[in-house]
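Q:
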Amino acid sequence: MSEHTCGCSKNPYLPEVATVLEVITESPTIKSFRVRFDNEEAWERFTYRPGQVGQLSVFGVGESTFVINTPPSCREYIQFSVMRAGEVTSAIHKLHPGDQVGVRAPLGNSFPCEQWKGKNIVFVGGGIGMAPIRTIMLHVMEHASDYGKLSLLYGAKSPEDMAYKADLPAWLESDVLHTTLTIDREAPNWPHRVGMIPTVLKELAPSPDNSIAVLCGPPIMIKFTLAAFRELGFKDENIVTTLERRMKCGIGICGRCNLGGKYVCLDGPVFTQAQLNELPPEM
Amino acid sequence: MSSLLFATPAELTAWLAGLASGQRVLVPCQEGPSVVYRPRTAEQLSAAGVNALLRRSTSSPKQAVLPQCETLVAFKSVKDEQDPSKVTTTVENPCKAEPTVLFGCRPCDARGFVVLDRPYLHGPFKDPYYGARREATTIVTQACPSVFATCFCHWVGSHPADGEGSDILFTAVEGGFVLDILTEKGKALVEGAAFADGSDKAEAVAAAHKATAEALAPAPNLSEAAAKIAARFTDTAFWTRETVKCLSCGACTYLCPTCQCFTITDEGSQLNGRRLRSWDSCMTPLFTLETSGHNPRPDKSQRMRNRVSHKFSFYPERYDGFFSCVGCGRCVISCPVSLDIRHMVTAAMEGMEGKKPAEAPAAPAEKTAETPKAPADAPAAPKTPAKSKSKKR
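Protein chains in written order, with my numbering: chain E, 1 to 283; chain X, 1001 to 1393.
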């Protein structure tokens, strides 16, 4: 549940005007946008927890929901990674540094990382699903001494489709994170793994003991990776994922993103598999 | 608080006309074949016969507080004169809630606002547009003088003289109307009105309420509806069968006093544009269609399942067991193919009574006395399409 308790007079529909500071081309279809509120006072007040999302808008085109994929410690900007797919994301992809956008954030719940202290964490990101993993992983890495072994399995279709290329060297060389990269099919000069995420995961065979699995990615990847984690002995309450649905208001009113009695925008997007088992099967 | 006043028909319309000089007065008006809420001026109200203001509206009065379309955000960008490469964008909320009197609601309609208040005002985020209009609106409700065959407020915890959600509840009695002042807002509205004391009419009011309530057919027990309808969720064949006639037109949702769904769209450009909120309907396939092409509810049976489940299972699960249906019957009257939510609810429950598996899969059970006119399970509903649908994931 979001902690926003509206005793305040803030209008949840009114976006903060923000300026694009930097645009990073991550892959042929993914760009990352670093933005900062124009109103310095609002920016100073702005806090969020890893996993929370925001509504990013191009004025005159519309809003779409994206996870904030910078860790909360980053005070210079917040970053959204956007895959070009529809009307709003196409307009976002045309943005340049200096352009103004609207941001409504933070929305939704967050990863329960306080409860993970002392545990090993296996992060698995597939394609654009690496975005929510990035925020929680960087946050946990900043507090690595509070946690057990940290590992990342990140897969994409091809080397070009792999986002966050600027981060990869640091992740591969990190002392606190064991990183495995994989692509679906062989590619020239690819020094890492080749194979689908569930297959590679089973080869890596992380132990379920005292461990949390955090996975995000396209539905088909989630389906088979979930099965792989279960096969490895992970319990559903220790498997954490994020859901996506079409959203509009982002605050649990417009009625669109419900899964049974839960609103993904408000009660999610982060759910454990055990919680999802309790909800109607309507994915 | 509760106190009774008595007004003759002429006094009532004169009072309304007086109110119209300082605020928006919405009353039910006949327009073509429909009765809809419209603002009326003092002149129009004083000229109107009282009976013209007592008709039940075809569409719900929820638009008094939640307009069908409104501007949430107005935005504008202006070039910096010193540095033309820079623009400054400003956003503002243009909502101005007008003081409003909503006259002639029925108890179900007034209760509809209480249902809407829970998501709009009592969640972790408060909707300031809805909140401002709600605050500025005083609701004057007419206790139902008679019932329609489609009325089922008594199924969902209400009755034809329910004051929940109303500021004033008035009842027709011999020679005029007795106004029961229920809230401070209601009290403010009758301040200075030349109404007689009505406390001696309490018995006549009670008798009128009793007579209307007795005209309703017995209601089924819906205390286990939430759990039973939730248990029905995976019975694809049931929902397919119940929805086979549905045209996905959305009339049920647009006329509903409790349907809360909306969409947000932009209009204009960054230089000068608006972000709009418009009513939306969970009965259309576009409602949940994602950019990727994936749709969690591609079939009309899944959308109907969501509508019925939201009202009788998901909403109660979220909000202390209250239904998101006030039993006004508009979706039943106005459905072009005569689908009946009463039938769907009772049929969904009937299959879930813990009978032996052999008896369990209920055929679309014939409704009994409660829905004398319900044509929902016309013999047209074929049993076969269930098969192909059950393969859907």
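We treat Cβ as the ideally placed atom computed from N, Cα and C, and that holds for glycine.
Between which two residues does the beta strand (DSSP E) carrying Y1037/X extend?
A: Looking at the DSSP string, the run of the beta strand (DSSP E) that includes Y1037/X is S1034 to P1039.
Q: Expressed to the nearest angstrom, what Euclidean distance is found between the alpha-carbon atoms of N11/E and L95/E?
A: Straight-line Cα distance between these residues: approximately 26 Å.
Q: Quick one: which unbroken beta strand (DSSP E) runs of 3-plus residues sit fully inside the stretch 1138-1206 of chain X? Chain order, please.
A: Whole beta strand (DSSP E) segments, 3+ residues: 1168-1173 and 1176-1181.
Q: Identify every run of the alpha helix (DSSP H) within the stretch 1089-1127 of chain X, keeping only runs that are complete inside it and at least 4 residues long; order them along the chain.
A: For the stretch 1089-1127 of chain X, whole alpha helix (DSSP H) runs of length 4 or above, ordered along the chain, are 1107-1121.
Q: Between which two residues does the beta strand (DSSP E) carrying R1024/X extend?
A: Segment R1024 to E1031, the beta strand (DSSP E) holding R1024/X.
Q: Kindly say whether G1268/X, judged by its beta-carbon, lies nearer than 8 Å to any beta-carbon of chain E.
A: So, interface residue.
Q: Using a Cβ-Cβ distance cut-off of 8 Å, determine whether C1261/X contacts chain E.
A: Output row for C1261/X: interface = yes.
Q: Find the residues of chain E that neighbour V1400/X, judging by a C-beta separation of less than 9 Å, and give them in chain order.
A: The requested residue 1400/X does not occur in the structure, where chain X is confined to residues 1001 to 1393.
Q: So what does DSSP say about H96/E, is it helix, strand or coil?
A: Here H96/E sits in coil by DSSP.
Q: Mind listing which residues of the stretch 1208-1237 of chain X have their C-beta closer than 8 Å to chain E's C-betas, in chain order?
A: The stretch 1208-1237 of chain X vs chain E, Cβ under 8 Å: A1230, F1233 and T1234.
Q: Do L259/E and L279/E have their C-beta atoms closer together than 8 Å?
A: Yes, these two residues count as a Cβ contact at 8 Å.
Q: Select from the stretch 128-157 of chain E all residues with a C-beta closer than 8 Å to any C-beta belonging to chain X, and list them in chain order.
A: Per Cβ criterion, the list is empty.
Q: Go ahead and pull the three-state DSSP assignment for Y1254/X.
A: Reduced to three states, the DSSP call for Y1254/X is helix.
Q: Have a look at the DSSP bridge pairing and note the partners of P48/E.
A: A quick correction: the sequence has Tyr, not Pro, at residue 48/E. DSSP lists no partner for Y48/E.
Q: Can you look up Y263/E in the DSSP assignment and give me helix, strand or coil?
A: Of the three classes helix, strand and coil, the one that applies to Y263/E here is strand, per DSSP.
Q: Which stretch, first to last residue, makes up the alpha helix (DSSP H) that contains N120/E?
A: Per DSSP, N120/E belongs to no alpha helix (DSSP H); it is in the beta strand (DSSP E), N120 to G126.
Q: Can you check whether the C-beta of C249/E is within less than 8 Å of a C-beta belonging to chain X?
A: True, the Cβ-Cβ gap to chain X drops below 8 Å.
Q: Using a cut-off of 7 Å between C-beta atoms, extract the partners of S1292/X located in chain E.
A: Those within 7 Å of S1292/X in chain E are A85.
Q: So, at 8 Å on beta carbons, what are the nonlocal neighbours of N277/E in its own chain, with the 5 sequence-adjacent residues on each side left out?
A: Excluding residues within five positions, the ones whose Cβ falls inside 8 Å are D236.
Q: Looking at chain C, is there any beta carbon in it that lies within less than 8 Å of the beta carbon of I68/E?
A: Protein chains E and X are contained in the structure displayed, whereas chain C is not.
Q: Could you name the residues of the same chain whose beta carbon sits closer than 6 Å to that of S1301/X, not counting the 5 residues immediately before and after it, in chain order?
A: If we look at S1301/X and ignore the five residues flanking it on each side, its Cβ neighbours are W1239, T1240 and T1243.
Q: For I220/E, count neighbouring C-beta atoms within 10 Å of its own C-beta (all shown protein chains included) and say buried if the count is 16 or more, exposed if not.
A: So I220/E counts as exposed.
Q: On the three-state DSSP scale, how would you describe Q273/E?
A: It is helical.
Q: Are there 16 or more other CB atoms within 10 angstroms of the CB of Q1082/X, so buried, or fewer, so exposed?
A: Exposed.
Q: Return yes when the Cβ of Q52/E is within less than 8 Å of the Cβ of E63/E, no when it is not.
A: It is not a contact, given that the beta carbons lie outside the stated cut-off.
Q: List, in chain order, every chain E residue whose beta-carbon is nearer than 8 Å to that of Y1408/X.
A: The structure shown has nothing for residue 1408/X, since chain X only spans 1001 to 1393.
Q: Who are the Cβ neighbours of A1188/X in its own chain at under 6 Å, not counting the five residues just before and after it?
A: None.
Q: Thinking just about the alpha-carbon of each residue, which of V1078/X, P1009/X, Y1319/X and K1086/X is nearest to the one in N1272/X?
A: Considering only alpha carbons, the answer is V1078/X.
Q: So, helix, strand or coil for Q1068/X, using DSSP?
A: Three-state result, Q1068/X: coil.
Q: Just curious, the beta strand (DSSP E) that V20/E is in, first and last residue?
A: Segment E16 to T25, the beta strand (DSSP E) holding V20/E.
Q: If you measure from the beta carbon of M283/E to each beta carbon in chain X, is any gap under 8 Å?
A: Chain X contact via Cβ: present.
Q: Is the beta carbon of I136/E sitting closer than 8 Å to the one on V214/E?
A: Yes.
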